[in-house]
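Worksheet for the structure shown next.
Encoded structure:
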């Protein structure tokens with residue numbers, strides 16, 4: 005049986021491949037955050053909620069499809 009930290013490390017190694025499948029959603033979220041904080045503006049809560057939810061849903065689907073052993077809360 006592998007040590008818990010080895011299992012955790014293995015799950016963390018899978019994150020980039022999971023995120024790679026969600027690059028469009030991640031880019032949209034990044035653009036939204038960048039636009040919302042342009043100049044001296046501060047990011048307001050829920051300013052990019054729609055984009056974040058799309059990214060979260062994509063990552064959740066990718067994790068479930070790959071059986072990556074990663075849980076999202």
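Numbering (the working numbering), first residue to last: 5 to 77. Glycine residues also receive a C-beta, built at the ideal position from the N, C-alpha and C atoms.
- Task: Compare the C-alpha of residue 55 against each of 66, 28 and 44 and name the closest.
- Result: If you number the chain shown from 1, residue 55 lands on position 51. Comparing Cα positions, the closest option is 28.
- Item | Counted within 10 angstroms of its Cβ, other Cβ atoms place residue 16 as buried (16 or more) or exposed | What you label residue 16 is simply residue 12 of the chain shown in a count that begins at 1. Residue 16 comes out exposed.
- With 16 other CB atoms within 10 Å as the buried threshold, where does residue 47 fall? If you number the chain shown from 1, residue 47 lands on position 43. Residue 47 should be labelled exposed.
- Item | alpha helix (DSSP H) runs wholly inside the region 7-49, at least 4 long, in chain order | 8-24 and 27-40
- 8 Å contact criterion, which residue 66 and residue 22 should meet: CB distance rounded: For the purposes of this step, residue 66 is identified with residue 62 of the chain shown, where counting begins at 1. For the purposes of this step, residue 22 is identified with residue 18 of the chain shown, where counting begins at 1. At roughly 5 Å, the Cβ-Cβ gap stays under 8 Å, so residue 66 and residue 22 are in contact.
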